[in-house]
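A short write-up of the structure that comes next.
In this note's numbering, the protein residues as written are 2 to 322.
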């Protein structure tokens with residue numbers, strides 16, 4: 002496959018990923034402006050209320066009793082919490098809002114705890130009922146392939162090794178997107194049925210786990226969203242390296258930019274970022290091929306400085322010539 006063809010394929014994939022975001026860009030911007038205006042108005046009103054409260058009540062007289070909701074000291078006269086920022090007792094209406102919010106937060110926390118306990122109970126029940134699987138010796142020997150070769154082995158039993166990109170678990174079937182760094186897109190859908198979904202490895206399977214799968218490649222209908230022409234019906238597999246469940250929460254759609262920068266080695270495993278890196282690779286290769294075809298060479302001269310850099314320990318003498 003030529004560099005231009007691979008670059009066109011990468012651009013098409015990126016267009017598919019970005020199309021929904023582009024369509025909603027204007028509407029999202031309008032919503033953000035409206036939300037910003039509402040928040041600004043609310044901040045002004047809160048500032049006015051705070052000023053009025055301080056003017057009306059003056060400096061409060063703290064008591065030794067602490068309010069359970071806010072953790073602030075109570076005013077000895079009004080028996081209302083004293084805001085540390087203003088030094089005045091908050092109004093009865095503000096106190097009521099804080100109590101309501103605290104109550105909702107407690108109820109939400111209780112529901113989350115109950116949900117986590119129920120999920121843990123179900124997980125333990127599944128693990129207790131887990132089964133073991135064995136490879137079927139009567140099946141033909143599998144051919145080791147890469148994702149980029151899948152389309153040429155339809156109807157044959159193959160062996161594929163890679164990392165788990167996505168996992169979708171249902172009642173009696175499990176879909177695993179396995180990537181090995183090749184192909185366009187660089188992943189193959191593997192379908193697990195029956196007992197293959199009820200093993201301990203399948204129950205605890207998470208993204209970025211490494212595994213070996215065996216099965217038969219079958220044809221599938223391509224569409225505008227997924228141009229792949231085949232998928233793998235798995236008959237046996239092995240999990241070589243398990244991944245912790247927390248891997249799903251390290252970097253997600255709501256992660257702040259600083260978190261994404263700190264966890265860059267996770268971000269580049271996402272499909273959108275990986276496609277951008279592939280485009281950069283193909284473009285760089287195209288430039289190099291152009292100049293190599295004209296008998297030019299690539300030179301990488303050293304960058305030497307005589308001034309102090311950010312880390313003083315990195316400054317050292319060098320006899321270059």
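Just so you know, even glycine gets a beta-carbon here, dropped at the ideal spot from N, CA and C. Quantities reported herein were computed from a predicted structural model and do not represent experimental measurements.
- Every alpha helix (DSSP H) stretch that sits fully inside the segment 200-245 and reaches 4 residues is listed by chain position as 201-204.
- In this structure, the alpha-carbon of residue 92 lies about 40 Å from that of residue 253.
- Residue 200 holds the alpha-carbon nearest to the alpha-carbon of residue 174 among 200, 162, 227.
- Looking at the backbone, the Cα of residue 167 and that of residue 189 are separated by about 10 Å.
- Per DSSP, reduced to three states, the secondary structure at residue 80 is coil, with no helix or strand assignment.
- By the C-beta density criterion, residue 88 is exposed, having fewer than 16 other C-beta atoms within 10 angstroms.
- Residue 292 is bridged by DSSP to nothing; it lacks a bridge partner.
- If you check the CB distance, residue 233 and residue 161 come in under 8 Å.
- In chain order, 132, 134 place their CB closer than 8 Å to the CB of residue 196, counting only its own chain and leaving out the 5 sequence neighbours on each side.
- Per the coordinates, the alpha-carbon of residue 104 lies some 10 Å from the alpha-carbon of residue 98.
- Going by beta carbons, residue 239 and residue 204 fall outside the 8 Å limit.
- Residue 283 sits buried, since 16 or more C-beta atoms from the chains shown fall within 10 Å of its C-beta.
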